[in-house]
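S.K.: Quick note, the sequences are listed as chains B and G, same order. First residue of the first sequence? That's 1076 in our numbering, and the numbers climb one at a time after it. First residue of the second sequence? That's 1076 in our numbering, and the numbers climb one at a time after it. All C-beta atoms in this analysis are idealised placements derived from N, C-alpha and C, irrespective of residue type, glycine included. As the structure is a computational prediction, the values presented were derived from the model and not from experiment. Please see the structure below; I have some questions.
2 protein chains.
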Amino acid sequence: MSTGHNCSHDCDVIAPAGCIARVPIFNHLKLQEMKEIMAVTDSVFYRKGEIIYRAGDRSDALYIVSKGRVKIYRLSESGKEQLLRTLYPGDFTGELALFSETTHEAYAGAMEDTRLCRIRRADLQRLLLKYPSVSLRILAEFSRRLEEAEKQATRFATEKVETRLALFLIECLDPENRANEIMLPMSKKDLASYLGTTPETISRKLYEFEAAGYIKQKSNKKIAILDLEGLLQQR
Amino acid sequence: MSTGHNCSHDCDVIAPAGCIARVPIFNHLKLQEMKEIMAVTDSVFYRKGEIIYRAGDRSDALYIVSKGRVKIYRLSESGKEQLLRTLYPGDFTGELALFSETTHEAYAGAMEDTRLCRIRRADLQRLLLKYPSVSLRILAEFSRRLEEAEKQATRFATEKVETRLALFLIECLDPENRANEIMLPMSKKDLASYLGTTPETISRKLYEFEAAGYIKQKSNKKIAILDLEGLLQQR
DNA sequence: CGACAGGTTGACCGTTATCAAAGATCGTGG
DNA sequence: CCACGATCTTTGATAACGGTCAACCTGTCG
């Protein structure tokens, strides 16, 4: 039930069009070039909860999220799940296996009903050789992600949970929006997994932040940041 | 004292030649193409202990290690140092800042007297557009590193020190060489930093492994793996 | 030979995981 | 639209893991 026979026929025609044009790695191309890309793109559909790929699967495609939300997670050597990142429309995944001949090391799962545009490895490599500017875009994205992953690794290695949580909250603050009120982008259970801790600890630390007057928990996922300085001092 | 006026004049001529030809991202090119790359490459020299770049420095070059050893490390928000990786001849660094207009987030320091080949951002971008196959090589390397960084992050997030150390030892085992004896590639102090722990803990855990009969410490950096199964069970 | 960085060992204690159980929330089907 | 179950969240008690500090040992290099 993973390929898109439920979505109407325009999946294979309209969806890639809307998708490709909005993807940062392609949107600098000319219309004619985009058409060439769409020609090798197809659309796949996953229902909430379905797994898109598993660690160990041979990877042979780049997936671009067209609609929905996808979580990328790993199972550690000892079997614990860790959330690595969530993808929103315009984001892509496919990673390592796209460029070297190996298998996925992470899992990708649909968090909602999700539509993805898929470009097969061979097609992508051909496109990259033909349109080098796309490679530069992907390189920029990869290096951004690499920094992100290394920053995250350093935090795990050197900061305590309290600090990691405080930094996470701060990074949720939209610099645009001065509202100082954030919506957690995931459940506290997933947040615990993302931050490498447990739901119990998240709950307790948030309580402590609230007791200290740094934040106020408005509802389950809505948190007001009352004292950013205080939060920043948490280390 | 960071640029190479100490090395004899052939730095700018011989060194890049030897260097470029041995670098995986370039070594598939034709001689003529390599010469073009060498033309925009220069050679820089750092003494042991010198810093090559700092977090916050504007990055504008790709560095390829030609001789010596370089450590890449980060300072966490709270000031602790964490070793990210060490570069050997043929490896490169430059990262994010090469492709997007930002600054380094990590530090690079020479662990020994080190010679680097440097290609400036503008030159590199031009080369990448002209020789798309080089982009593919860099993409492959970046995605490999990305997997590595994410694996490391997952380990920090989900495994205890004991397990991380055991996995590290196992990964030091050369699959070629069946000797079951490893040389630690860095001091135990650096290893502690790499694994996100302290020298004291490393020392104690190694003692425990030895007491359990999993390993035998031959000398400071030489360790014999006696019971791989036992080590693997450490979790 | 002395100095200094790296390494080890011991005592102590803070942080956070774990287990258990109760309470809140969400999605689903009647 | 409500009721039910499943899942998420909170709270409490407990203990282990590992960090910190201090002292001492060891090897290396000028």
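1. From alanine 1136 of chain G to glycine 1165 of chain G, what does the alpha carbon distance come to, in whole angstroms?
2. Taking only beta-carbon atoms, is glutamine 1107 of chain B less than 7 Å away from chain G?
3. Take serine 1175 of chain B and list the residues in its own chain whose beta-carbon comes closer than 6 Å to its own, dropping the five residues that flank it on each side.
4. CA-CA distance, threonine 1330 of chain G and tyrosine 1148 of chain B?
5. May I ask you to report which of helix, strand or coil DSSP gives aspartate 1117 of chain B?
6. Which residues in the same chain as aspartate 1087 of chain B place their Cβ atom closer than 7 Å to its Cβ, once the five residues preceding and following it in sequence are excluded?
7. Since lysine 1155 of chain B meets chain G, which of its residues come closer than 7 Å, beta carbon to beta carbon?
8. Using three-state DSSP, classify histidine 1080 of chain B as helix, strand or coil.
9. Over what stretch of residues does the alpha helix (DSSP H) that includes glycine 1305 of chain G continue unbroken?
10. Kindly indicate the opening and closing residues of the beta strand (DSSP E) around proline 1299 of chain B.
11. Any idea which residues DSSP pairs lysine 1146 of chain G with across the strands?
12. Ignore the nearest five residues each way along the sequence and tell me which others in histidine 1084 of chain G's own chain have a CB closer than 7 Å to its CB.
13. With a 10 Å radius around its C-beta and 16 neighbouring C-beta atoms as the bar for buried, classify glycine 1169 of chain B as buried or exposed.
14. Smallest Cα separation from lysine 1263 of chain G: which of G:Asn1295, G:Lys1105, G:Leu1199?
15. Assuming contact is defined by CB atoms lying nearer than 7 Å, are aspartate 1328 of chain B and leucine 1158 of chain B in contact in what I supplied?
16. Measure the CB-CB distance between alanine 1232 of chain G and glycine 1271 of chain B and report whether it falls below 7 Å.
17. Would you say alanine 1254 of chain G reaches chain B, if we count a Cβ-Cβ gap shorter than 7 Å as a contact?
18. What residues in its chain sit with their C-beta under 7 Å from that of glutamine 1309 of chain G, if we drop five residues either side in the sequence?
19. Measure from the alpha carbon of arginine 1230 of chain G to the alpha carbon of each residue in G:Ser1208, G:Arg1220, G:Thr1178, G:Phe1243, then state which is nearest.
20. Measure the C-alpha to C-alpha separation of tyrosine 1128 of chain G and threonine 1161 of chain G and round it to an integer number of angstroms.
21. Go ahead and pull the three-state DSSP assignment for arginine 1122 of chain B.
22. If you check the beta carbons only, do valine 1209 of chain B and isoleucine 1300 of chain B fall under 7 Å apart?
23. Nearest to leucine 1307 of chain G by CA position, among G:Cys1192, G:Leu1248, G:Arg1193, is which residue?
24. Can the beta-carbon of lysine 1123 of chain B be found closer than 7 Å to that of glutamate 1187 of chain B?
25. Could you check where the beta strand (DSSP E) with threonine 1189 of chain G kicks off and where it finishes?
26. Using a cut-off of 7 Å between C-beta atoms, extract the partners of proline 1207 of chain B located in chain G.
27. Which of the three DSSP states, helix, strand or coil, is assigned to methionine 1258 of chain B?
28. At 9 Å on the CB atoms, spell out the chain B contacts of glycine 1271 of chain G, in chain order.
29. Sorted by chain position, which residues of the same chain lie with C-beta nearer than 7 Å to lysine 1297 of chain B's C-beta, five sequence neighbours on each side aside?
30. When you compare the stretch 1188-1198 of chain G with the stretch 1139-1148 of chain G, are there three or more beta-carbon pairs, one atom per stretch, that lie closer than 8 Å?
31. Here's a check: name, in chain order, each residue in its chain whose Cβ is nearer than 6 Å to the Cβ of isoleucine 1095 of chain G, leaving out the five neighbours to either side.
32. Could you please give the first and the last residue of the uninterrupted alpha helix (DSSP H) stretch that includes lysine 1357 of chain B?
33. Taking only beta-carbon positions, decide if serine 1283 of chain B is within less than 7 Å of chain G.
34. Which residues mark the beginning and the end of the alpha helix (DSSP H) in which lysine 1280 of chain G is found?
M.R.: Answer, in terms of the structure:
1. 16 Å
2. no
3. none
4. Residue 1330 of chain G cannot be examined here, being either before or after the span of chain G that is shown, 1076 to 1310.
5. strand
6. Legend: pLDDT at aspartate 1087 of chain B = 43, less than 50; position of this residue unreliable, value from coordinates given subsequently. Asp1117, Ser1118.
7. Thr1233
8. With a pLDDT of 40 at histidine 1080 of chain B, under the threshold of 50, the predicted position of this residue should be treated as unreliable, though the coordinate-derived value follows. Coil, per DSSP.
9. 1303-1308
10. It is worth fixing the name first, because residue 1299 of chain B is alanine in this sequence and not proline. 1297-1300 is the span of the beta strand (DSSP E), which, as asked, contains alanine 1299 of chain B.
11. G:Thr1161, G:Gly1184
12. Residue placement at histidine 1084 of chain G is flagged as unreliable, the pLDDT there being 36, under the threshold of 50; a coordinate-derived value is accordingly withheld.
13. buried
14. G:Asn1295
15. For residue 1328 of chain B there is no data in the structure shown, the boundaries of chain B being 1076 and 1310.
16. yes
17. no
18. Glu1237, Thr1238, Ala1241
19. G:Phe1243
20. 14 Å
21. coil
22. no
23. G:Leu1248
24. yes
25. 1189-1195
26. Leu1203, Leu1204, Pro1207, Ser1210
27. strand
28. Ala1228, Thr1229, Phe1231, Ala1232, Thr1233
29. Glu1256, Met1258
30. yes
31. Phe1101, Met1109, Ile1112, Met1113
32. This structure gives no information on residue 1357 of chain B, because the portion of chain B shown stretches from 1076 to 1310.
33. Reading off the sequence shown, one finds glutamate at residue 1283 of chain B, where the question assumed serine. Answer no: the Cβ-Cβ gap between glutamate 1283 of chain B and chain G never drops below 7 Å.
34. 1274-1286
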